[in-house]
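Heads up: the structure comes next, in structure tokens.
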Amino acid sequence: MNWEQLLSLKRFGDVNKRLRKDQDETRLGFEVDYDRVIFSSEFRSLQDKTQVIPMSQTDFVHTRLTHSLEVSVVARSLGRKIGEKLLVKYPALKSEHGYLPNDFGAIVASAALAHDIGNPPFGHSGEKAIGEYFKTGAGLRYKDELTPKQYQDLCDFEGNANGFKILTQSRQGRVGGLRLCYATLGAFIKYPKESLPKKPTQQVSDKKYGFFQSEKDAFLDVAQELGLVASGTSGDISFKRHPLAFLVEAADDICYTIIDFEDGINLGLIEEEFALEYLIKLVKEVIDINKYHQLNNTQDRISYLRALAINTLINEAISVFEANEEAILNGTFGISLLDKSKYEAQINDIIKISIDKIYQSPEVLDKEISGYAVISKLLDTYILAVNNGYNHNASSYDKLILKILPKTINFNEDDLYLRLLNVCHYVSLFSDSQAILTFRKFSGKHY
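All letters in the sequence shown, in the order written, are residues 337 to 783 by the numbering used here.
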């Protein structure tokens, strides 16, 4: 892979090449991507979607929206600092093509802003709930009517693939989705492969999948334009990551490691003294002990350590990227940046505590259980109505359901896979509260 091609400003539908040196410096294409994501309705719905604590009543716990904004800020710093180093190593990128450090920051920030845009309600348990519906629930009946890859798309419903669908899918009046630059789309795709085969290698980019069969052509178009390295065999589609996807992943890893931990402390799920001890281990090389001891409340102490921890991990991720840039560029670097960090042990300790004290807390587990029931009910109701409508045997109740479905999604596709996927996609757009209110409505309860 080469950086000039990887930094493509092309958008869906472009006929001519967009050149960096011709860009308006006050309205750079990569910065337009950020604006398009932040003004999208799909991004706005993240304000009421679970990050860690479902439907928390407190004002300091993160939602998917605040998490995404924070990840984008960290990502911008990572991108700019890496950009500075790459422009020294490859001076022609600046002298001949006009790229600047902020370009890298804008690409990574935009991709990071969108990184959770495809997540369904109730966090990762929402993905699992959709998948279980097809693996063990009522959706199992469709297995023999779908190709293996189509069925796997549904059984392992993936927020990353759904995000790519949101960013690229065409509909009337919105051809090419949000029409982001291909460099941004490349940085967004952490898992550039199909749903099958599952985990064919130990590469981190093969851990999940990044596009549904419905967006296969769009993905291949992006991969070809960016010059991504193909790694699939026997007709299976799989590519090596866009190098900047490693920075998006690092920004996400940094934020959920540190900030989910912070949420757990603020909620009282993790004892302050115990938690601060682990954060101090991470920042012991940069902490100002005198300043720290002047802070006389939990929130200020956590905020100080959080800022130091994030900055420490940003610098560490940059060091790892710079040291392995050539391997990343040729596709032989197969782990996340922080997995090669000298702070790996401290990071793993913090994540282990978060799993034990936060992710497995009764508050989280109880609401995840409820989320399974909610999503199953929504899928049951919508899929039955859509299929009965398509087959011209809709009941009166089905017809009522069909009337409330949005016109922006085609639920009357001839392809069963597309009908099922579009229902899953529609449900994934619900906020947590909207999903619960709709569940109550379908259950005949007032809300």
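Just so you know, even glycine gets a beta-carbon here, dropped at the ideal spot from N, CA and C. If you're wondering where the values come from, they're calculated on a predicted model, not measured in any experiment.
Where does residue i sit, in a helix, a strand or coil, going by DSSP?
| i | result |
| --- | --- |
| Thr784 | Only positions 337 to 783 of the chain appear in the structure, and residue 784 is not among them; the question remains open. |
| Phe348 | coil |
| Lys576 | coil |
| Thr648 | helix |
| Thr386 | strand |
| Arg507 | strand |
| Ala566 | strand |
| Lys529 | strand |
| Thr774 | helix |
| Gly667 | coil |
| Cys591 | helix |
| Arg363 | coil |
| Lys417 | helix |
| Phe375 | coil |
| Gly454 | coil |
| Tyr679 | coil |
| Gln549 | helix |
| His433 | coil |
| Asn748 | coil |
| Lys693 | helix |
| Ser446 | helix |
| Val539 | Correcting the residue type first, residue 539 is Gln in the shown sequence and not Val. Residue state, collapsed to three classes: coil. |
| Asn602 | helix |
| Asn626 | helix |
| Lys544 | coil |
Between which two residues does the alpha helix (DSSP H) containing residue i stretch?
| i | result |
| --- | --- |
| Gly512 | Note, Gly512: premise wrong, no alpha helix (DSSP H); not H, not E. |
| Leu355 | Leu355 -> no alpha helix (DSSP H), and no H or E assigned at all. |
| Val622 | Note, Val622: premise wrong, no alpha helix (DSSP H); not H, not E. |
| His460 | His460 to Lys471 |
| Leu703 | Residue identity check: residue 703 is Lys in the sequence provided, not Leu. Counting along the chain, the alpha helix (DSSP H) containing Lys703 begins and ends at Pro698 to Tyr726. |
| Ile737 | Ser732 to Ile740 |
| Lys485 | Pro484 to Cys491 |
| Glu340 | Trp339 to Leu342 |
| His761 | Leu752 to Ser764 |
| Leu521 | Tyr518 to Phe524 |
For residue i versus residue j, is the C-beta spacing smaller than 8 Å?
| i | j | result |
| --- | --- | --- |
| Leu422 | Ala653 | no |
| Ile689 | Val410 | no |
| Phe775 | Val759 | no |
| Gly462 | Gly707 | yes |
| Thr569 | Ile687 | no |
| Ser764 | Asp384 | no |
| Lys485 | Glu432 | no |
| Ile590 | Ile646 | yes |
| Ala497 | Phe548 | yes |
| Asp596 | Ile525 | no |
| Phe348 | Glu704 | no |
| Glu481 | Leu752 | yes |
| Arg637 | Leu644 | no |
| Val584 | Val444 | yes |
| Tyr545 | Glu598 | no |
| Ala428 | Tyr370 | no |
| Val558 | Gly522 | yes |
| Leu673 | Glu680 | no |
| Tyr792 | Ile737 | As displayed, the chain neither begins before 337 nor continues past 783, which places residue 792 out of reach and without an answer. |
| Gln341 | Leu556 | no |
| Ile606 | Ile616 | no |
| Asp734 | Leu720 | yes |
So, under 8 Å CB-CB, residue i and residue j are touching, yes? Tell me the CB distance rounded to an integer number of Å.
| i | j | result |
| --- | --- | --- |
| Ile453 | Phe375 | Actually they do not touch by this definition, with Cβ atoms about 12 Å apart. |
| Pro528 | Phe575 | 4 Å |
| Lys353 | Lys346 | 7 Å |
| Gln682 | Leu618 | 5 Å |
| Asp489 | Leu754 | Actually they are not in contact, since the Cβ atoms of Asp489 and Leu754 sit about 11 Å apart, beyond 8 Å. |
| Ala587 | Val407 | 5 Å |
| Leu382 | Leu401 | 4 Å |
| Ile745 | His761 | 7 Å |
| Cys491 | Gly467 | 5 Å |
| Glu608 | Thr634 | 5 Å |
| Thr520 | Ser446 | 5 Å |
Got a sec: is the Cβ-Cβ distance from residue i to anything in chain D below 8 Å?
| i | result |
| --- | --- |
| Ser732 | No chain D is present in this structure, which holds just one protein chain. |
### Query
Using 8 Å as the threshold, is the region 552 to 559 in touch with the region 471 to 480, meaning 3 or more CB pairs across them?
no
### Query
Quick check: the region 577 to 592 against the region 660 to 672, are there 3 or more CB pairs under 8 Å?
yes
### Query
Looking at C-beta atoms only, is the number of pairs between the region 430 to 450 and the region 509 to 524 that lie closer than 8 Å three or more?
yes
### Task
Pair every Cβ in the region 425 to 445 with every Cβ in the region 502 to 514, then say whether three or more of these pairs are closer than 8 Å.
no
#### Entry: the region 722 to 734 / the region 697 to 713 touching (three or more Cβ pairs under 8 Å)
no
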